[in-house]
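Heads up: the sequence shown begins at 2 in this note's numbering, then just goes up one per residue.
C-beta atoms are modelled at their ideal positions from N, C-alpha and C, and glycine is treated no differently.
Please read all numbers here as calculations on a predicted model, not as lab measurements.
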Amino acid sequence: MLLSIMQIAVAQQQSPADTLATTETRWLLSSMRKLTGAGVLFGHHDATAYGVNWRLKDSSDIKNVTGSYPAVYGWDLSGIEVDSTYDINAIPFATQSRLVREAYERGGVNTFCWHMHNPVNGKSAWDTVGTTVDQLLPGGSFHQTYLTYLDKAAKYISTLNGRDGEPIPILFRPFHELTGEWFWWGIYTATPDEFKELWRFTVNYLRNTKKLHNLLMVYSAADFYEELELLERYPGDDYVDFMGFDRYCFDSTALYQRNMNRQLKLLQQVADEHHKLTCIAETGYQGLPVANWWTETLGPILSQNNKISYLLIWRNNGPEHYYAPYPGQVSAPDFKQFYQSNYIMFQDKLTPLEIYGPKHAQRYNRKAGP
């Protein structure tokens with residue numbers, strides 16, 4: 002049934018916001034649009050870089066529990082802008098780039114956020130002293146510094162290529178949790194107009210000056226309660242491909258469900274009006290103390306909001322800080338049941354669908370389509 006829904010090989014491709022998007026990037030967006038309603042792509046941040054009790058060992062906690070990799074692989078650019086050889090989570094960029102290629106080769110989806118250092122003072126993304134965004138715009142005191150940051154990121158992204166040199170498509174999620182107050186690009190350090198100008202400038206610079214045409218832009222909010230709040234900083238349809246938000250589960254699973262369902266209903270309504278795909282850009286329950294959280298808390302949310310394109314569970318940094326199960330973790334049996342449900346899709350279901358099109362299939366010796 003799933004394969005009959007896809008028919009990717011003959012599907013009319015949907016247009017990305019970037020009119021010069023690469024062939025593989027166009028295929029990816031079209032494929033994800035055609036998959037709407039057929040299963041939410043399951044993602045995990047830094048999935049193959051480290052996990053509980055292992056690091057940089059070509060493993061995956063998700064795969065160790067289910068037998069399959071996740072369908073979506075989350076990464077962070079943070080550090081590249083200040084010439085670090087490691088990202089914010091101590092992954093060597095040389096290793097990260099290899100893992101991005103491996104995910105692409107197996108037919109997975111790569112997404113990047115960017116906890117960008119504050120260009121005004123070089124401090125972390127969480128530095129919110131004073132105003133920053135207005136100083137980064139053309140004519141601002143730190144505009145040139147911001148360009149330098151973008152140049153370094155663009156140089157790295159341009160190295161993320163497939164076997165034949167084709168740019169690997171990336172779901173790019175800058176300035177995430179943009180309705181929050183805890184990052185330098187947040188609501189207390191930038192007016193809506195300043196934020197929109199920064200987003201547009203950034204996208205135009207990466208597209209037109211740096212010639213990166215493999216980026217699908219993800220507009221990612223934090224909490225919001227009405228359409229105006231979600232759209233107040235929206236830069237326009239020409240600069241966005243996906244709309245989503247970050248929300249985590251804390252003590253009350255019932256409250257999490259209510260808030261998720263409320264936000265997803267509104268998000269989907271707004272995204273449909275703007276012809277954008279939707280996502281849960283970050284979520285999870287730290288430590289997973291509830292054994293049936295996957296099937297009894299998250300599962301009903303996904304089955305009731307089945308137009309979501311993908312979700313991303315946050316990272317497994319060790320036995321004291323993790324969001325996905327690992328072998329022996331209390332929710333692992335429930336996660337196996339969740340993995341087998343018809344409303345979620347992992348790498349093993351995604352690979353045969355060849356979401357990057359026939360050329361990708363030929364490169365990696367697979368048959369495209371059903």
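Between A18 and D242 a beta carbon distance of about 5 Å is seen, short of the 8 Å cut, so the two are scored as contacting. Its Cα nearest to that of E230, the residue L179 stands out among Y365, P301, W115 and L179. DSSP lists E283 as the bridge partner or partners of D247.
Annotation: the continuous alpha helix (DSSP H) that includes N262 extends over T254 to H275. Your pair E82 and H118 checks out as a contact, with CB atoms roughly 6 Å apart and the cut at 8 Å. Contact between T67 and Y323 does not hold, since the beta-carbon distance rounds to 16 Å and is not under 8 Å.
By alpha-carbon distance to F202, the top candidate from L232, D252, I158 and V134 is V134. Close CB contacts of G181 within its chain, under the 6 Å cut and outside five residues either way in sequence, are with G187 and A223 (chain order).
Rounded to the nearest angstrom, the Cβ distance from G288 to V53 is 11 Å, too far for a contact under 8 Å. The shortest C-alpha to C-alpha distance from W294 to any of A325, Y189 and Y105 is the one to A325. Given a length threshold of 4 residues, each whole run of the alpha helix (DSSP H) inside the segment 46 to 79 is given here in chain order: 62 to 67. Here L78 has F113, W115 and A154 as same chain residues with Cβ atoms under 6 Å from its own Cβ, once five neighbours each way along the sequence are excluded.
By the neighbour-count definition (other C-beta atoms within 10 Å, threshold 16), W28 is a buried residue. Residue nearest to Q348 within the set W55, L268, G141 and G109 is G109 (criterion: CA-CA distance). The C-alpha of G285 lies about 33 Å from the C-alpha of L137. When the alpha-carbon of L148 is set against those of I92, T96, N205 and R107, the nearest one is in N205. Judged by DSSP in its simplified three-state form, R164 adopts coil rather than helix or strand. Between V101 and W76, the beta carbon gap of about 7 Å places them in contact (Cβ cut-off 8 Å). In this structure, T190 is the residue among T190, M261 and D252 with its C-alpha nearest to the C-alpha of R234. Taking all protein chains shown into account, R316 has 16 or more neighbouring C-beta atoms within 10 Å of its C-beta and is therefore buried.
In the DSSP assignment, F113 falls outside any alpha helix (DSSP H) and within the unbroken beta strand (DSSP E) covering V110 to C114. Nearest in C-alpha terms to E283, of all of L42, S32 and P93, is L42. Here the alpha carbon of L207 sits roughly 21 Å from the alpha carbon of P193.
Between Q269 and T279 the beta-carbon gap is near 6 Å, inside 8 Å, which marks them as a contact.
H275 is classed as exposed because its beta carbon has fewer than 16 other beta carbons within 10 Å across all chains shown.
Going by DSSP, I158 is part of the alpha helix (DSSP H) stretching over H144 to I158.
Between K350 and G38, the C-beta spacing is not below 8 Å.
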